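Here is the structure we will look at.
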Amino acid sequence: MADTFKNTPPAPEDKGAMTAENIAAALAGESQASQKYLAFADVADGEGYPNVARLFRAVAFAESTHARNHLSVLGKIGTTSENLKAAWGGETFEIDEMYPAYDAVAKLQENKSAQTTIHYALKAEMDHQGIYDETLKGVEGKKDLAAAPVRVCPICGHTVIGDAPAECPQCGTDGSFFKEF
Amino acid sequence: MDEDLEKRLPRPADLNAMTEQSLKAAFAGESQAAEKYMVFAEQADEEGLPNIANLFRAISFAETRHARNHLRVMKGINSTADNLAVAFAGESFEIDEMYPAYAAISKSQKNIQATRSVKYALKAELDHKWMYAEARERALEGKDRDAKPVSVCLICGHTVIGDVPDKCPVCAAAKEQYRTF
């Protein structure tokens, strides 16, 4: 799949601050639409509408191509080394600022569900930050990551390299449910 | 979903305005991270770093778990008929307001690549809108869609039900560049 759209999506073009602002907003919109449709596809499967689920998954993929195109225009697709730095930066912001701030508000307003979803995300971002950091060091020495499976908890997103734990340390989900990459 | 897994998910909740604002922003952040990491995975593949590509795909999946959890707490995941109405409204907004406004600005700022990225998205949303409308009518009668495949152009997101055209009518990509769901 990597080769098929090489050079063909819209290319980076740095012209117009208002245009950049709009394309960034469109990237946010397409990304959220894609995630919503994937969640809606699971609901459709659960309700016995497999062909509606299929439509949602296809359209989610279409929105992902739009997100990629917008990201390309913004000049935000770099080399892997640059991409790892950007990824690490995003995780770090979420850990240091975003989720602690949201958690403070959710606690103040005594919303348990919101605290749970924030807690799950924050803990997983800490995993991601550490993994991206290690991986970046390797790439800077021209090395790929070692060929080990990456496993992700389907409930809270807890991420480990190698074997899944017997039970997810964040949400208690049995390790056999972890998705392997 | 397995009942034991389901009960570990954060529950839908009534939200105060500030908590809702936090979760909305977190949903936007997670959705964009998930999309970016999928694009970064393609880039790592192209650079001959398959294990880093695999890591980006795994962490992208983790972010989709967070996005879904946040959306669930905000009561954004409902019945399929309701989900289709939400999807239809989102596409309509993009067609009627968002993308025409962005196209006007990117044209006035002479940004050719942004104009192209906006056009690709707008054209595809037009297809998505009627596909969702049709699926919703059937879902309201308790019926699934017909079992026809849905195919998506990898370059521009053009979406078609049934046979794939020889050439994408929007971006002229070859037939082989469609992905079928």
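First to last, the sequence lines map onto chains A and B. Counting in numbering that gives the first Met the number 0, the final residue of the first sequence is number 180, and the numbers go up one at a time with none missing. Counting in numbering that gives the first Met the number 0, the final residue of the second sequence is number 180, and the numbers go up one at a time with none missing. Virtual Cβ for every residue (Gly too), placed ideally from N, Cα, C. What you are looking at is a predicted structure, and each value in this text was computed from that prediction instead of being measured.
In the structure shown, Tyr48 of chain A falls within a coil segment according to DSSP collapsed to helix, strand and coil. Contacts with chain A at 7 Å (Cβ-Cβ) do not include Pro99 of chain B.
What Ala25 of chain B touches in chain A, judged by beta-carbon distance under 9 Å, is Glu93, Met97, Tyr98, Tyr101, Thr116, Ile117 and Ala120, going in chain order.
Straight through space, the alpha carbons of Ala113 of chain A and Pro9 of chain B are spaced by roughly 7 Å.
The DSSP-derived three-state label of Arg137 of chain B is helix. With a cutoff of 7 Å on beta-carbon distance, Val151 of chain B and Ala57 of chain A are scored as near each other. Counting along the chain, Arg10 of chain B sits inside no beta strand (DSSP E), nor does DSSP assign it H or E at all. Of the residues B:Pro148, B:Ser78, B:Trp129 and B:Cys167, the one whose Cα lies closest to the Cα of Ile160 of chain B is B:Pro148.
Going by DSSP, Ser21 of chain B is part of the alpha helix (DSSP H) stretching over Ala16 to Glu45.
Among the residues of chain B, those whose CB is under 7 Å from the CB of Lys178 of chain A are Phe60, following chain order. In this chain, the beta strand (DSSP E) harbouring Ile160 of chain B covers Thr158 to Ile160. Beta bridge pairing from DSSP links Arg178 of chain B with B:Val151. Glu41 of chain B is positioned such that its CB atom lies no closer than 7 Å to that of Glu62 of chain B. Burial check for Met17 of chain A: the Cβ neighbour count within 10 Å stays below 16, so the residue is exposed. Contact annotation: the stretch 70-78 of chain B does not touch the stretch 96-105 of chain A, with fewer than three C-beta pairs closer than 8 Å.
Using a CB distance cut-off of 7 Å, Gly89 of chain B counts as an interface residue toward chain A. For Phe92 of chain B, the closest C-alpha among the options A:Pro8, A:Arg53 and A:Gly28 is that of A:Gly28. If you check the CB distance, Leu125 of chain B and Ile94 of chain B come in under 7 Å.
Each of B:Leu121, B:Ala52 and B:Gln112 was checked against the Cα of Ala100 of chain B, and the nearest Cα belongs to B:Leu121.
Taken in chain order, the members of the stretch 40-59 of chain B whose beta-carbon sits within less than 8 Å of a beta-carbon on chain A are Glu41, Gln42, Ala43, Asp44, Glu45, Glu46, Gly47, Leu48, Pro49, Asn50, Ile51, Asn53, Leu54, Phe55, Arg56, Ala57 and Ile58.
The Cβ-Cβ distance between Gln20 of chain B and Ser30 of chain A does not fall below 7 Å. When DSSP states are grouped into helix, strand and coil, Glu179 of chain A belongs to the strand group. Comparing alpha carbon positions, the residue from B:Ser107, B:Asp143, B:Phe180 and B:Lys106 closest to Gly45 of chain A is B:Asp143.
The continuous stretches of beta strand (DSSP E) do not include Arg67 of chain B, which lies in the alpha helix (DSSP H) extending over residues Pro49 to Val72.
Beta-bridge analysis with DSSP links Asp173 of chain A to A:Glu166. A Cβ-Cβ distance of about 6 Å is found for the pair Leu73 of chain A and Ile22 of chain A, placing them in contact under the 8 Å criterion.
For the stretch 142-158 of chain B, the set of positions with a beta-carbon nearer than 9 Å to some beta-carbon of chain A reads Lys142, Asp143, Arg144, Asp145, Ala146, Lys147, Pro148, Val149, Ser150, Val151, Cys152, Leu153, Ile154, Cys155, Gly156, His157 and Thr158 in chain order.
Taken through DSSP and simplified to helix, strand or coil, Val42 of chain A comes out as helix. Taking the beta carbon of Ala132 of chain B as reference, no residue of chain A falls within 9 Å; the closest one sits roughly 12 Å away.
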